[in-house]
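Working notes, beginning with the structure itself.
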Amino acid sequence: MPTHKFLLLPENEGDYAAYAQHVSDPRALKVSDDLIRYMLDTLNWIPSINPANQAAWNGYGLNYYGPTVINKTGAPKAARIFLMWGSLFQEGPDKIELTGSYQWLEGAPESSGQYEKITMPRESIAKTILDLAELAEGAISGEFYLLHVGI
Numbered sequence: 001m002p003t004h005k006f007l008l009l010p011e012n013e014g015d016y017a018a019y020a021q022h023v024s025d026p027r028a029l030k031v032s033d034d035l036i037r038y039m040l041d042t043l044n045w046i047p048s049i050n051p052a053n054q055a056a057w058n059g060y061g062l063n064y065y066g067p068t069v070i071n072k073t074g075a076p077k078a079a080r081i082f083l084m085w086g087s088l089f090q091e092g093p094d095k096i097e098l099t100g101s102y103q104w105l106e107g108a109p110e111s112s113g114q115y116e117k118i119t120m121p122r123e124s125i126a127k128t129i130l131d132l133a134e135l136a137e138g139a140i141s142g143e144f145y146l147l148h149v150g151i
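Below is the structure:
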């Protein structure tokens, strides 16, 4: 299962070019791609930087396939969004069923497809997202930034 990785790193005066050295950092918090896709619309509200292609970046959301930096500008909003998602998931049943992407067999009519059902344990989802909120809170002061590495 593909994962997105998040890591809190010391701020270096806005120089995020060295992100590549952290791509395989074992300390990174891993978040399921299914979970990121489920929350993606709201994650697009977070001010962010794409250190791999700053000129073409719209300034918001996660770089799905590459690096994203959430610094003190976006950290407060990111922390609130992750906290709200974590709190919401805490209210769910023991096994949470999320609606995934629409799928059908290649060559079959689109009308024969259905939405994927993704089942995850509530405690695991809530803990992961609340841990992510805590990482984002760590970037609010400006001493650190949150690095996201996409799938």
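Numbers 1 to 151, taken from the UniProt record's numbering, label the letters of the sequence shown in order. For every residue, glycine included, the Cβ atom is placed at its ideal position computed from N, Cα and C.
When the five nearest sequence neighbours on each side are left out, the beta carbons in the same chain lying within less than 7 Å of the beta carbon of leucine 135 are those of Phe6, Leu8, Leu29 and Leu146, in order along the chain.
In the DSSP assignment, glutamine 114 falls within the beta strand (DSSP E) that extends over 114 to 121. The alpha helix (DSSP H) runs lying completely inside the region 35 to 98 and spanning 4 residues or more are 75 to 90, given in chain order. The three-state secondary structure of glycine 100, taken from DSSP, is strand.
Two segments are said to touch when three or more pairs of C-beta atoms, one from each, lie closer than 8 Å; by this definition the region 48 to 57 does not touch the region 84 to 98.
In terms of Cβ geometry, histidine 148 and proline 67 form a close pair [threshold 8 Å].
As the crow flies, the alpha-carbon of glycine 100 is around 14 Å from that of methionine 1. With respect to the 8 Å criterion, isoleucine 49 and tyrosine 19 are not classified as neighbours on the basis of their beta carbons. Taking all protein chains shown into account, glutamate 116 has fewer than 16 neighbouring C-beta atoms within 10 Å of its C-beta and is therefore exposed.
About 23 Å separates the CB atoms of isoleucine 96 and isoleucine 46; that is not less than 8 Å, and the two are not in contact. Under DSSP, histidine 148 shares a beta bridge with Phe6 and Thr68. If you look at leucine 29, you'll find it in the beta strand (DSSP E) that goes 29 to 32. Here isoleucine 140 carries a coil assignment [DSSP, helix/strand/coil].
In this structure, the CA atom of threonine 42 is about 28 Å from the CA atom of glutamine 21.
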